[in-house]
Amino acid sequence: MPTIAIDPKVLAANYNRAFNAHDESALRSLIAPNVKFTAPGDVRLVGKDAVIGYTHSWMQALPDAKIIVTNEIVSGPWIVQEFTFEGTHKAPLTGPMGTIQATNRKVSGQCVSITRYENDLQVETRLYFDVVQLLTQLGVMPVTSKN
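For what it's worth, this note's numbering labels the leading residue of the sequence shown as 27, then goes sequentially.
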């Protein structure tokens, strides 16, 4: 039976610290081998390597990327975090719609993650963010003129 010895708030803080430090090794130690991950753009990943690959691509494309948590709710093995994601787009970012070459633009957007822990490892994460806002900030989303 799955257990949690460490508070999910502490586990999530460890993850966020590792992300902000761009410490792939630490991130790898915090997630389960069979982790499930979903994100906008029909991203559906299973397995540590797939999830680390997704995370790594964001850290490469935005080398100063960081997560700033503004609200948290914990319920049993689940934690919901509202956070600001910000960084500067310095390298290609590959996603479901193709690759966006570096724009050198700063991005900042509100995100929500819902994460479940078992045996003190992340086993499931659902990430939500506004893709239109991100693409607009990167300058690749057509903006309509205001009349």
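Note that beta-carbon positions come from the ideal geometry of N, C-alpha and C, so glycine has one too.
It should be emphasised that the depicted structure is a prediction, and the values quoted were computed from it without experimental measurement.
Please state whether the Cβ-Cβ distance between G113 and A128 is less than 8 Å. No, they are not a contact pair.
Provide the residue span of the alpha helix (DSSP H) that contains N42, from first to last. Looking at the DSSP string, the run of the alpha helix (DSSP H) that includes N42 is 34-46.
If you follow the beta strand (DSSP E) that A65 is part of, which residue opens it and which one closes it? Unbroken beta strand (DSSP E) run through A65: 57-65.
Give me, in chain order, the residues of the same chain whose beta-carbon lies closer than 7 Å to that of R70; leave out the 5 immediate sequence neighbours on both sides. Here R70 has T64 as same chain residues with Cβ atoms under 7 Å from its own Cβ, once five neighbours each way along the sequence are excluded.
Residue nearest to R152 in terms of C-alpha spacing, selected from A39, R142, D146: Nearest option by C-alpha distance: R142.
Kindly confirm or deny that the region 130-141 and the region 106-121 touch, where touching means at least three C-beta pairs closer than 8 Å. In short, these stretches touch, since the Cβ pair count reaches three.
Using CA atoms only, rank isn't needed, just tell me which of Q163, G124, G135, P118 is closest to F111. Ranking the options by Cα distance to F111, first place goes to G135.
Report the CB separation of I126 from L164 in whole angstroms; it is logged as a contact under 8 Å. Between I126 and L164 the beta-carbon gap is near 6 Å, inside 8 Å, which marks them as a contact.
For E156 versus A31, is the C-beta distance shorter than 8 Å? Here the sequence assigns Asp to residue 156, which means Glu is not the residue at that position. Not closer than 8 Å, so no.
Could you tell me the distance, in whole angstroms, from the CA atom of N130 to the CA atom of L160? When rounded, the distance between both Cα atoms is 13 Å.
Rounding to the nearest angstrom, what Cα-Cα distance links Q148 and N40 in this structure? Q148 and N40 have their C-alpha atoms some 11 Å from each other.
Could you spell out where the alpha helix (DSSP H) holding G79 opens and where it closes? G79: member of the alpha helix (DSSP H) spanning 74-87, first to last residue.
Mark M85 as exposed unless 16 or more other C-beta atoms lie within 10 angstroms of its C-beta, in which case mark it buried. Residue burial is scored here from C-beta neighbours: M85 has at least 16 other C-beta atoms within 10 angstroms and is therefore classed as buried.
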